[in-house]
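Residue numbers (my numbering), protein chains in the order written: chain A, 1485 to 1785; chain B, 1485 to 1785; chain C, 1485 to 1785; chain D, 1485 to 1785.
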């Protein structure tokens, strides 16, 4: 019942003759569950932006911050198109140690500039628990990437932080494990956790990952935490971002996170899955009727 | 270039020193591709129902036909709610030889009755190529189930049949393999193939399968064939059917296939994933704004 | 308890408040289970070859039969190296309708010649239930390929056939489903079923499939049927065939099935995964100490 | 060629008409590759134990350190049976924050005692880069668990450490990604990296993970680093540990890592997959002929 220790004692019963399988009851997550908190959580990012309420919030911006011009140009463009939060990576987790690793601290300073100019709150990734204080001084939301979804040392440390945490599902994380990772943050005191579906790894190679939109209604039923979708990483191709964004809203997502880059062909990471600002603005227009069909609202231009 | 034989000869080059990987060019499917036929295929089921056009078509009905009362009651209910095609299984592929295998020929006769009463065209599954003539005499569309998606002997035989074929993606089938299976039917002469996404097998256990909605825009780009979605098998839980139906339409599906059963608790198969008629009617109402948001039409009541 | 119908009724209980999960007891396969038949099955192929006894049997031969010279040359070579059964495909399941589909009936005649010359019994694939009589007249063992593992119409028909059946696991078939497919054959009367692990589909792309050797001890515990391993399809690269053959015997396999081709570079299918006869002979020599370590015997030269 | 940035620029070419797919050449890992260092690496753990040479080394011990009596009793037993390295977890990564998290620093002190008594070098897991100095003072090998395989901040920090690193493959890590993670450590200066296959996540539920033994010969060909196998986590059932250990050695593994617990029924974690000392000793005896068949040596008793 909740504790894994109990689970293993129960599993030992499976060695007995006549016992086929022993199944523990009750979900092992508590603070994340609807049982404990039936109403949906609404997380305030700043004075004007909330995540989890009726209004659909769109986060947009480049995968990596590359230069002042690039981040400011993108921030202005996505704001004009209706985005209400800016994303941009300063510390980048890359499969290869020889790939561009981000502008790091310099990138955080550029994020500050983009916020001053546009007023948009910003989200950026944290990879190292030694950087919590530094990044908290620059970002409005701290993002935990898919590869760190079970980096429990980092999750515990973020549980003591005062900023909202955007926790991405891992490529190999079940919905139950995902909620348990959220529970690591919640159980240390930080109740501002936003869950993000970003695709799981399957045998299919036509898309970068398989975006698991069924996870949205499943999470909706099990947890009060807001659920957002990242169709850019979830599909890996800019052409698929618009249809999967519409589908995510139809399935009940609270928010979208979209990669936008002024010059995707020259992006230092993830160019293939980034929308140009013009395409992003077009997508935002087409999104409005789906938002209304879902009974939600969105800031319109 | 198209032929697998060529591909293997090319792969042999990978054994040479200095050659890391050899990749064939051009898709191996021809008749299914947009290159060969850029405009979308529209398949006429009967005088009034077409699949692939602007109108979204909803197929509904029970997993298995169990009795005259059950199939007729369901057919009337789903028609009232706006469905335009009736589904119902007479021959059932079951993992266990000891499970209910369907009413077989008796089921086909009951389908005829349901069509007479409601006027709805019917779709039913074919598992054995010896049954093609029999089932063609009763059904308007022949369905190939996920387990037979690479039963090439069956696909070839259906390529010589005059009825439209609804081909379900297998649990382990890539999008490219799925199109190659369609190509088996097309290359024998039958050009009326409808593709159906119904979920792929992944590590996630919260849902019966992982409904791969990204496959819809990918298929849209690669093929002119209509694409439909089965959220009942794709998720395995009736509560998830409505949100995933909305999402499927938002992602660009032409049609939905939904399991409806008057008494799911007593269904002989797949009761957990079947909607009651009342829930189905409610879902159809809520579907309308999503259909309009997608720029499509639907018959309204 | 065994029947899927019961399972679904039980699952309906999961909708009740307070019920988290309902799990059926007892395995749904009966005739395949160790509970019903504790001792291992030994299947006689002809007067001298048995599968399932202490002696490890090696099946070898080309993926496709291409010509009299090719199949006879290979048969002689694999016999010299210690193989006791010949494999060769006459009807080939190919992803593309435009790929070489096998020599069909002509290939069966060539198999007869190879048997006359070498005395080796032969195994060949059956894809269409209309071909059972034809293929039974030429083959000693009928093989059901991975794509047909849930082609229940074919399995039932083979259950009425008098030849041993070699049933390959599907790319996405669980061990339980695999045993249920065997049960389809057994329950119609044919008790001569040989199970073949040939790799499952995963996200890994370095190998064609992921050979699941853990399935061997799992199957050993659950069923009395012989279990063999196909490392050629399981890995897709000839260099991996020898180490995975040794590992398969160490894990407890009864038999190996290996692709051998005199000229892999010119093979009409699966050349990359075929061993040349010389490499095969070398592998057979190196296999002997592993066979002895496993407490088994093998015919030695 | 190596750099991911280049890769993305190349991928952008895929948007051009007539370009189907662009594939970069050469592996992106350098220091880990056989091209750079053709001979196998041999890593000295202490004066008497080396990993990567002809001698097969067996690491054994409990999942978690629970008490002085438990770890010392196990250490003595596994040494008597032929193990040459002791494993034991002090900091435990657990899916749930409410599960037993290990004895932490107290556990490290108990490891010291076990080493003093038996002379066995010890391996233990590191989860938090802030603990590197602490754990390095107690352990002979630092283990990075599957969940941290892409915790790049941790990997980089371990690249500056002087102890050998045992890097476990993640549940959804491709072989290429696994080597890239090793490259993170190597590229910071620490060349003592040992790779550990421990099973990948698939759809199969009969085993906890699917042990991918084909990865051993694939890794052998691509890298000079030693490769070991953990059949305890790889299968999740103690009954499968012996056959999969034999298979791992047959496939070419340098070393095994086995969970042993004096009282698995009372283990605080992973009891179901732990061997009792008597079973472990029996397995070690049966392992000897497989080691010899593989042309390797093992310390015999």
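Using N, Cα and C, we set each Cβ at its ideal position, and we do this for glycine too.
Quick caveat: nothing in here was measured; it's all calculated off a predicted structure.
Asked, Found
"Between B:1631, B:1652, B:1670, B:1650, which has its C-alpha nearest residue 1787 of chain B's C-alpha?", "For residue 1787 of chain B there is no data in the structure shown, the boundaries of chain B being 1485 and 1785."
"Can you pull the chain D neighbours of residue 1687 of chain B, defined as C-beta to C-beta under 7 Å?", "1685, 1686, 1687"
"Count the other C-beta atoms from every protein chain shown that fall within 10 angstroms of the C-beta of residue 1750 of chain B, then say buried if there are 16 or more, exposed otherwise.", "exposed"
"Check the Cβ of residue 1702 of chain D against every Cβ in chain C and list those closer than 8 Å, keeping chain order.", "1690, 1691, 1724"
"Relative to the C-alpha of residue 1522 of chain A, which candidate in A:1552, A:1708, A:1725 has its C-alpha closest?", "A:1708"
"Which ranges would you report for the beta strand (DSSP E) in the stretch 1534-1579 of chain C if only whole runs of at least 3 residues count?", "1541-1545, 1569-1571"
"Just to confirm the assignment, what range does the beta strand (DSSP E) spanning residue 1625 of chain D have?", "1625-1628"
"Given that residue 1767 of chain D touches chain A, what residues does it touch there, using C-beta distances under 8 Å?", "None at all; the shortest Cβ gap to chain A is about 18 Å."
"Could you name the residues of chain C that residue 1776 of chain D contacts, counting a contact when the two beta carbons are closer than 8 Å?", "1773, 1777"
"Please confirm if residue 1612 of chain C has its CB atom under 7 Å from at least one CB of chain B.", "yes"
"For residue 1644 of chain D, is the classification buried or exposed, using 16 other Cβ atoms within 10 angstroms of its Cβ as the cut-off for buried?", "exposed"
"Can you grab the Cα-Cα spacing for the pair residue 1702 of chain C / residue 1682 of chain C, in whole Å?", "15 Å"
"Report back the beta-carbon spacing between residue 1650 of chain B and residue 1666 of chain B to the nearest angstrom; my notes put them in contact at under 8 Å.", "Actually they are not in contact, since the Cβ atoms of residue 1650 of chain B and residue 1666 of chain B sit about 11 Å apart, beyond 8 Å."
"Which of the three DSSP states is assigned to residue 1691 of chain C in this structure?", "coil"
"Any beta carbon from chain D within less than 7 Å of residue 1658 of chain C's own beta carbon?", "yes"
"With 16 other CB atoms within 10 Å as the buried threshold, where does residue 1538 of chain C fall?", "exposed"
"Within 7 Å of any Cβ in chain B, is that where the Cβ of residue 1782 of chain C sits?", "no"
"I'd like the list of long-range same chain contacts for residue 1789 of chain A, defined as Cβ closer than 6 Å, with 5 residues on each side in sequence excluded.", "Residue numbering for chain A in the displayed model covers 1485 to 1785; residue 1789 of chain A lies beyond these limits and cannot be assessed."
"I'd like to check one pair, residue 1527 of chain B with residue 1627 of chain B: are the Cβ atoms closer than 7 Å?", "no"
"Count Cβ pairs between the stretch 1737-1754 of chain A and the stretch 1709-1720 of chain B that sit closer than 8 Å; are there 3 or more?", "no"
"Expressed to the nearest angstrom, what Euclidean distance is found between the alpha-carbon atoms of residue 1778 of chain C and residue 1762 of chain D?", "20 Å"
"Note down, in chain order, each residue of its chain lying with its Cβ closer than 6 Å to the Cβ of residue 1565 of chain C, except the 5 sequence neighbours on either side.", "1764, 1765, 1768"
"Would you tell me roughly how many angstroms separate the C-alpha atoms of residue 1723 of chain C and residue 1757 of chain C, rounded to the nearest one?", "8 Å"
"Where do the N-terminal and C-terminal ends of the beta strand (DSSP E) with residue 1593 of chain D fall, by residue?", "Per DSSP, residue 1593 of chain D belongs to no beta strand (DSSP E); it is in the alpha helix (DSSP H), 1589-1602."
"Counting C-beta neighbours from all protein chains within 10 Å, is the total for residue 1635 of chain C 16 or more, i.e. buried, or is it exposed?", "buried"
"Can you find a CB in chain C that lies within less than 7 Å of the CB of residue 1764 of chain B?", "no"
"In chain order, what residues of the same chain lie with their CB nearer than 6 Å to the CB of residue 1513 of chain C, ignoring the 5 residues before and after it?", "1663, 1664, 1667"
"Sorted by chain position, which residues of the same chain lie with C-beta nearer than 8 Å to residue 1686 of chain D's C-beta, five sequence neighbours on each side aside?", "1693, 1694"
"If you compare alpha carbons, which of C:1544, C:1596, C:1549 is closest to residue 1716 of chain C?", "C:1544"
"Is residue 1576 of chain C buried or exposed, if buried means 16 or more other CB atoms sit within 10 Å of its CB?", "buried"
"Using only alpha-carbon positions, find the residue among B:1599, B:1604, B:1603, B:1629 that is nearest to residue 1479 of chain B.", "Because chain B is modelled from 1485 through 1785, residue 1479 of chain B falls outside the range shown and cannot be assessed."
"Roughly how many angstroms separate the alpha carbons of residue 1684 of chain A and residue 1621 of chain B, rounded to a whole number?", "43 Å"
"Does the distance from the CB of residue 1775 of chain B to the CB of residue 1540 of chain B come in under 7 Å?", "yes"
"Leaving out the 5 sequence neighbours to the left and right, which residues in its chain are closer than 7 Å to residue 1536 of chain D when beta-carbon positions are compared?", "1524, 1525, 1526, 1527, 1710, 1738"
"With a 10 Å radius around its C-beta and 16 neighbouring C-beta atoms as the bar for buried, classify residue 1654 of chain D as buried or exposed.", "buried"
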